[in-house]
């Protein structure tokens with residue numbers, strides 16, 4: 002059986018990627034200076050330092066606006082009510098590890114900027130991955146989503162920020178059960194695909210997970226807790242949950258093996274991995290990488306796979322990445 006390559010665990014498992022600008026605690030005075038609306042939510046915590054009520058979705062949105070403005074120069078960012086407002090530090094980690102993956106695939110040299118095209122499966126109304134990838138590395142993005150409201154919100158974020166102009170195309174996936182089918186156009190090629198798949202297998206499981214989360218924060222109130230990070234049903238759950246979604250992604254990627262150098266996905270549950278590795282072997286992946294990630298007590302990983310032979314990988318580097326340098 003194919004044995005996937007595994008990146009050794011980080012020396013500091015609970016630390017973010019070395020290039021992640023969010024490794025330090027949030028500097029609320031500085032962030033409030035950058036984005037004054039945040040100041041209304043910053044209060045001393047029991048340890049005497051400033052923080053916000055992370056159970057308050059309005060406060061979480063204000064923090065995200067401040068982070069995006071301070072670290073990425075995003076002046077205008079908003080999402081529709083009830084849509085996912087993700088924690089930015091962990092999202093940034095995925096982008097930085099993908100940059101490492103590109104560099105490792107190119108003799109240790111990161112292919113620069115505009116010639117690198119990334120497909121973000123499930124871009125969401127927040128458009129976080131394309132924002133970070135564009136501002137940190139100059140990549141071009143196509144962001145897909147099955148939700149027209151989310152697509153329009155992502156388009157509005159791109160249009161409202163000159164620093165993102167022309168770098169993000171938000172595209173509607175017409176089928177709720179497909180991932181690449183009907184989305185990737187004939188002859189279209191990506192250097193990376195990325196995805197943070199829906200975690201739960203049902204609406205009930207998603208609700209139970211949200212209840213546990215808010216109870217952990219000490220804010221569970223009744224049967225319908227406030228979702229501090231929000232999320233529509235399609236952002237939180239899908240048939241088959243994470244494992245089912247990624248298996249479908251593997252199958253569809255195998256039908257277009259040269260559409261991307263690397264196909265990748267976050268994998269939150271380690272129990273998902275054995276079935277994923279079997280699916281990749283069946284689909285004919287030539288190389289599989291598992292890269293461990295961590296944020297505080299939360300452990301995760303990204304799995305990357307390619308169908309390209311060594312000769313095809315070399316040709317890719319010469320025709321796309323060498324021309325970009």
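Numbering (the numbering used here), first residue to last: 2 to 326. Here a beta-carbon is modelled for each residue, glycine too, at the ideal position from N, C-alpha and C.
Check, Outcome
"Quick check on residue 283 - is its C-beta less than 8 angstroms from some C-beta in chain B?", "The structure shown contains no chain B; it holds only a single protein chain."
"Run through DSSP, which three-state label would residue 255 get?", "helix"
"In the DSSP assignment, find the unbroken beta strand (DSSP E) run with residue 41 in it and report its ends.", "Where residue 41 is concerned, there is no enclosing beta strand (DSSP E), given that its DSSP letter is neither H nor E."
"Inspect the beta-carbon positions of residue 302 and residue 291 and report whether they are closer than 8 angstroms.", "yes"
"Of all the options 21, 30, 118, which has the alpha carbon lying nearest to the alpha carbon of residue 94?", "21"
"Identify every run of the alpha helix (DSSP H) within the stretch 144-187, keeping only runs that are complete inside it and at least 4 residues long; order them along the chain.", "149-161"
"From residue 159 to residue 265, what does the alpha carbon distance come to, in whole angstroms?", "24 angstroms"
"Could you check what DSSP says for residue 292 in three-state terms: helix, strand or coil?", "strand"
"Would you call the CB atoms of residue 243 and residue 180 closer than 8 angstroms?", "no"
"Cβ of residue 132 within 8 angstroms of Cβ of residue 80?", "no"
"For residue 144, count neighbouring C-beta atoms within 10 Å of its own C-beta (all shown protein chains included) and say buried if the count is 16 or more, exposed if not.", "buried"
"What whole-angstrom Cβ distance do residue 192 and residue 119 have, given they're in contact under 8 angstroms?", "7 angstroms"
"Candidates 166, 123, 87: which alpha carbon is nearest residue 152's?", "123"
"Tell whether a beta-carbon distance below 8 angstroms holds between residue 96 and residue 137.", "yes"
"Within the continuous alpha helix (DSSP H) that includes residue 302, where are the two ends?", "Unbroken run through residue 302 is the beta strand (DSSP E), 299-307; no alpha helix (DSSP H)."
"Need the endpoints of the beta strand (DSSP E) that residue 262 sits in, please.", "261-268"
"Spell out a yes or no on whether the stretch 98-109 and the stretch 54-67 are touching, meaning 3 or more CB-CB pairs, one atom from each, closer than 8 angstroms.", "no"
"Are the CB atoms of residue 52 and residue 29 nearer to each other than 8 angstroms?", "yes"
"Only counting the same chain, and skipping five residues up and downstream in sequence, which positions put a Cβ closer than 6 angstroms to that of residue 288?", "307"
"Which residues mark the beginning and the end of the beta strand (DSSP E) in which residue 119 is found?", "118-122"
"Excluding the five sequence neighbours on either side, which residues of its own chain have a C-beta within less than 6 angstroms of the C-beta of residue 322, listed in chain order?", "107, 112"
"What are the partner residues of residue 86, as DSSP defines its beta bridges?", "DSSP, once it has assigned bridges, lists no residue as partnering residue 86."
"Determine the extent of the beta strand (DSSP E) in which residue 17 is found, giving its start and end residues.", "That residue, residue 17, is in no beta strand (DSSP E); it is neither H nor E in DSSP."
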